[in-house]
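So the protein sequences, as listed, match chains Y and F. If you use the working numbering, the first sequence corresponds to residues 1 to 703, in order. If you use the working numbering, the second sequence corresponds to residues 1001 to 1126, in order.
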Amino acid sequence: MSQKDDIKLYFSEAEDLIQSIEENILSLEEDFKNDKFIQNLFFAYHTLKGMSAMVGFENLSKFCHSFETFLDKNKEYDERVSKKDNFLGLLFESLDIVKEAINSTKSGKSKDLDGKILQQIDDTFGTYETEYEITFFQPIPSDLLDNVKDKKDLKFYKIFIELQSTCVFKKVRLFIIFRALNKIGRICSSNPDPDVLEKGNFDNRFEILFMSNNDSNQITAVLNEILEIENKVINEISNAVFYKEVTDFNLKYNVKLEKGDVRSEIEIKKTTKTEAADISIEIDDLASIDSKITSVKVNIETLETLMDYFGELVILKNQLNQILKERQDWKYSRLFDNMDKLFLEIQEIIFKLKLVRVDTTFRKYKRLVRDLAKETNKNINLILEGMEVEIDRKVLEELNSPLIHMLRNAVYHGIEDPKERNITKKSPSGFIKLKTYRRAGSVYIEVTDDGRGLNFELIRQKAIKKGLYTTDEAMELTSEELKKIIFLPGFTTLQGADEISGRGMGLAIVAEKIEELGGSVDIISEKGVGTTFKLDVPFTRAILKAQLFKVGKDLFAIPIENINQIYFFKRELIDYVKGEEHYRLEKKLVPFIRLDEYLDFLPQVSKEASEVDKTNSQTKIVIWCKKDENESAAFLIDQILQQIEVVIKPFRSKYSKFQEILGVTITGDGSICLILDVLNIISSKMKRVKEVDLVEIPQQIKN
Amino acid sequence: MSKNSKKRIMIVDDAMFTRNILKKIIDNTDYSEVVGEAANGNEAIELYKKLKPDLVTMDLVMPVKGGIETIEDIIKMDKTALIVVVSALGQEALVLEAAKKGAKDFIQKPFKNEQVLDVIKRILLK
């Protein structure tokens, strides 16, 4: 065979090997415990190594060799179990390098794998070991915890350690301490979190929960051997306290149940599958079964259908109930009232089934940020907070691309490279924090970076350049207005098109997506300090307790959770601030909204009725709704009715131009009732109007 | 624990200057003495076999065979070997590596006399 044919064959075989490698990595990702995939990878790289050497690709061959060594060192499941993300990350990275090298040599762009990369990759493999498990402890999975908490000879301790202030190599010091303790027992949790400890970013003090067969004298003796400990306190605690704290820690730290935790130094009896069938339902026994099926997969559409049917069922039940009440058939009516609770509980359950922890998606961003940071040669850490918050699965899906975009922005434009950070005396590693929390009726997601912050001047200039404003107009723009500009399509302060972030379409699409979900985006930024993008997405529970009321002849409802207080309307409490009506409520002047006028655009509101009622102000009611600390409004309505429990079918985005409506429901007697999204209404109103605090202003009595 | 016999320490460092300082500190007590010195990894391993000291102080950066490799080899020979790493500032990653390979503890240069003696007291005199 000629040399040319050799090469052709090489490339063809290399392609196959690459394919196989990719498949095996993906399979490994699915089934991390399976060593077979590691073996396959080993074999593939080994073959590639030989082939590459034969056709003269020395560097590529050496690379495969390095990778083989790396794989060999980490092939044991024990070795890789705690470093899963990092390990997989390296596998993918290595594959990318090989792909790139093959493509490059195939197209003739280069003669071999770049030698520099070889050195880099050796360093990467080298530091891989040291990147994780510095604190050398494995959080104890909950099923193991259940097994050991009642063991008679085990003692539980809370150990507090303070390092000497002169301790410089904190990570090493921690490693030595933890190693010594793990020899005589098991560390189950730490405060601060292991992540924090691993980075060495703690102020010399930490606490751990420790279990051991040894008594505190023995523990003290072990710790006495170690240098640089200023202070140590060893407290024995009850197994109940220990159990609770470790369980809380596990929840926070999201300890995954790795089946067959071989790192345990405490013996556990394992029951086989056949025994499992005989075991009676006692809590203790259940804890020792490690192969019980505890969950099933359900199609989301199925859940939604279930939800819909139940919603219809509730409406029918209400209608029946209404009929019975009208007939004064109390016996049956009471039965229906009793059924109410059950219906609602079931609906709650179904609703909860559709909820998923943001953790499942957000955790993946760690790798994304890592990859992006590497691409741009920056040091960036992604910190995740509030990962236990649950939101609707669909919403989470929709949020994925906007969030990824914002994270990319933070990496590319927000955080400066180490050199620049050095000049501005910032720490060499930047951080991005993704924080999720629920408040009132919304889910808030904040993407914060400690980078350079928005450059308002640059935005101003760009706005002028694009012809959006004249120079004079632009100079007048407030930072609030400038912030809004960056959401305009086609707007970017980047020079040239950034191939990842696109041509400035990103933020516009983000804003649109969020609006579709009924939410909003806000930016807080300080030059040189950082930027926070705050997403506000409504978290509408499908079953709501709402206050029913009338405006004119029409029925509306407001979710109870949004209602602060209800008052009788007193005309004298109206005051004007900057020409806008406000209402005096508890030492504040709060924006006043006459719902009959406000909802004017809705064909439902009957004007005639409201005009009649205007004269008879005695019977009117004011509902005070609060969105936030300083954001609320007083709504004027005509007649207050009862509280109802409603099942909402939220509008799809098609109807989202009616931002003020949360959904619709049908009351017992068949009337249609629109449920108002007061939070949204308040937001819109607050854009023009403010709350005013009244402090020591005497009450004016108007005649 | 008998304190009758002095604890036997072996010093490994490629700089005679450092070896001398350590020797002075260690010999100046009634509970410890230097029984051997090595200037590189290979010497260290040979000497260890012969002397079986109670404790080894190990410099990390040495020519021919570095401290970490030496630690690995000594531990392979004798699992109970007690090795204390002597490191310079800025070598945290290396020190961690050494700890993972089996080093018992570490002290940093420039060190105070008390630190060296503290190590010996804590680890050897219980």
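Think of the CB as a built atom: it goes at the ideal place given N, C-alpha and C, for glycine as much as any other residue.
Exposure of residue i, with buried meaning 16 or more beta-carbon neighbours within 10 Å
| i | result |
| --- | --- |
| residue 489/Y | exposed |
| residue 458/Y | exposed |
| residue 662/Y | buried |
| residue 364/Y | exposed |
| residue 680/Y | buried |
| residue 66/Y | buried |
| residue 624/Y | buried |
| residue 525/Y | buried |
| residue 428/Y | exposed |
| residue 1116/F | buried |
| residue 1013/F | buried |
| residue 221/Y | exposed |
| residue 397/Y | exposed |
| residue 166/Y | exposed |
| residue 1028/F | exposed |
Under 9 Å by beta carbon: chain Y residues contacting residue i
| i | result |
| --- | --- |
| residue 1114/F | Ordered by position in chain Y, no residue passes the 9 Å Cβ test against residue 1114/F, which lies about 11 Å from the chain. |
Per-residue DSSP class, three states only, for residue i
| i | result |
| --- | --- |
| residue 478/Y | coil |
| residue 584/Y | strand |
| residue 357/Y | strand |
| residue 1118/F | helix |
| residue 680/Y | helix |
| residue 337/Y | helix |
| residue 164/Y | coil |
| residue 689/Y | coil |
| residue 108/Y | coil |
| residue 617/Y | Because the pLDDT at residue 617/Y is just 49, under 50, the model does not fix this residue reliably, and the point stays unresolved. |
| residue 491/Y | coil |
| residue 194/Y | helix |
| residue 179/Y | helix |
| residue 449/Y | strand |
| residue 1081/F | coil |
| residue 296/Y | coil |
| residue 670/Y | coil |
| residue 250/Y | helix |
| residue 522/Y | strand |
| residue 351/Y | helix |
Chain-ordered neighbours of residue i on chain F, where CB pairs are closer than 8 Å
| i | result |
| --- | --- |
| residue 739/Y | An answer regarding residue 739/Y cannot be provided, because it is not within the stretch 1 to 703 covered by chain Y. |
| residue 226/Y | 1105 and 1122 |
| residue 87/Y | Per Cβ cutoff of 8 Å: no residues; residue 87/Y is ~17 Å from chain F at best. |
| residue 172/Y | 1092, 1095, 1096, 1099 and 1106 |
Unbroken alpha helix (DSSP H) run spanning residue i, endpoints
| i | result |
| --- | --- |
| residue 64/Y | 58-73 |
| residue 461/Y | 456-465 |
| residue 20/Y | 3-30 |
| residue 205/Y | No alpha helix (DSSP H) contains residue 205/Y, which is instead part of the beta strand (DSSP E) from 205-212. |
| residue 393/Y | 393-409 |
| residue 306/Y | 300-326 |
| residue 1063/F | Run containing residue 1063/F: none; DSSP gives neither H nor E here. |
| residue 707/Y | Residue 707/Y falls outside the range modelled here, since chain Y spans only 1 to 703, and no answer is possible. |
| residue 221/Y | 216-224 |
Contacts that residue i makes with chain Y (C-beta to C-beta distance below 8 Å)
| i | result |
| --- | --- |
| residue 1118/F | 227 |
| residue 1089/F | 168 |
Range covered by the beta strand (DSSP E) that runs through residue i
| i | result |
| --- | --- |
| residue 432/Y | 429-439 |
| residue 663/Y | 661-666 |
| residue 1046/F | Premise fails: residue 1046/F lies in the alpha helix (DSSP H), 1041-1051, not in any beta strand (DSSP E). |
| residue 1130/F | Residue 1130/F is absent from the structure shown; chain F starts at 1001 and stops at 1126. |
| residue 1091/F | No beta strand (DSSP E) contains residue 1091/F, which DSSP labels as neither H nor E. |
Subject >> the segment 523-535 of chain Y / the segment 442-454 of chain Y touching (three or more Cβ pairs under 8 Å) >> reply: yes
Original post:
Taking three-plus beta-carbon pairs below 8 Å as touching, is the segment 412-430 of chain Y in contact with the segment 366-378 of chain Y?
Top reply: yes
Original post:
Using 8 Å as the Cβ pair cut-off and three pairs as the minimum, do the segment 1003-1013 of chain F and the segment 670-690 of chain Y touch?
Top reply: no
Subject >> Stretch pair the segment 545-563 of chain Y + the segment 460-479 of chain Y: three plus CB contacts closer than 8 Å >> reply: no
Subject >> Inter-stretch contact at 8 Å, needing at least 3 Cβ pairs: the segment 144-162 of chain Y / the segment 333-349 of chain Y >> reply: no
Subject >> Touch test, the segment 241-254 of chain Y against the segment 165-179 of chain Y, Cβ-Cβ under 8 Å, three pairs minimum >> reply: no
Original post:
Do the segment 297-310 of chain Y and the segment 399-406 of chain Y make contact, defined as three or more Cβ pairs closer than 8 Å?
Top reply: no
Original post:
Is the segment 504-517 of chain Y close to the segment 427-444 of chain Y, with three or more CB pairs under 8 Å?
Top reply: no
Original post:
Below 8 Å, can you find three or more Cβ-Cβ pairs linking the segment 55-70 of chain Y to the segment 112-122 of chain Y?
Top reply: yes
Original post:
So does the segment 47-54 of chain Y actually touch the segment 26-39 of chain Y, counting three or more Cβ pairs closer than 8 Å?
Top reply: no
**OP:** Indicate whether the contact test is met: 3 or more Cβ pairs, each with one atom in the segment 626-640 of chain Y and one in the segment 584-600 of chain Y, closer than 8 Å.
**Re:** yes
Original post:
Any contact of the segment 1091-1103 of chain F with the segment 1068-1078 of chain F, i.e. 3+ C-beta pairs under 8 Å?
Top reply: yes
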